[in-house]
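Chemist: Let me give you the structure first, and then I'll get to my questions.
Residue numbers (this note's numbering): 659 to 789.
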């Protein structure tokens, strides 16, 4: 059976490299499913859940903090600022981050964008942690 190689890279390290039969990445405007033989593409990631399915059916889930994805020659490369295994996410911590984000001032367009980004990040982590 054909396989994909999924590589997740952060500024600090290659966080994960895994063989998978199917990968779902969170794009900024929805999700993208990638199977072996997928056409080459580059996409912008949103804040969300990266899901990998191994050939034996084992599933792995990770939070990714935006970035970019490249698909080429059965390799899915995810470049992100941060990745966390879903099992390591803490709902209480993410809810606290959401509350802090909602308290941020929005006096300028830049501050509004920073607040919206923090809110999206926290909500995404809460959603993934609760699954």
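Backbone N, C-alpha and C fix where the C-beta goes; we use that ideal spot for every residue, glycine too. Given the structure is predicted, the values throughout are model-derived calculations rather than measurements.
Under 7 Å Cβ to Cβ from residue 748, same chain only, skipping five residues before and after it: list those, please.
Modeler: The answer, listed in chain order, is 787.
Chemist: When the Cα of residue 783 is compared with those of 715, 761, 728 and 706, which residue comes out closest?
Modeler: Closest option to residue 783, Cα to Cα, is 706.
Chemist: Once DSSP output is grouped into helix, strand and coil, what is the label at residue 728?
Modeler: In this structure, residue 728 counts as strand in the three-state DSSP scheme.
Chemist: Going by the DSSP bridge assignment, what does residue 680 pair with across the sheet?
Modeler: The partner list for residue 680 (beta bridge, DSSP) reads 711.
Chemist: Taking only the alpha-carbon atoms, compute the straight-line gap between residue 797 and residue 762 and give it to the nearest angstrom.
Modeler: This structure does not reach residue 797, given that the chain is present from 659 up to 789, and the question cannot be answered.
Chemist: In whole angstroms, what separates the C-alpha of residue 682 from that of residue 721?
Modeler: Going by the C-alpha atoms only, they are around 12 Å apart.
Chemist: Do the segment 727-739 and the segment 750-758 meet, that is, are 3 or more Cβ pairs less than 8 Å apart?
Modeler: No, because fewer than three Cβ pairs between the segment 727-739 and the segment 750-758 fall closer than 8 Å, the two stretches do not touch.
Chemist: Given this structure, state the Cα-to-Cα distance separating residue 676 from residue 710, to the nearest angstrom.
Modeler: Approximately 9 Å, taken between the alpha carbons.
Chemist: Say whether chain B places a C-beta atom closer than 8 Å to the C-beta of residue 726.
Modeler: Among the chains of the structure shown, chain B does not appear; only one protein chain is present.
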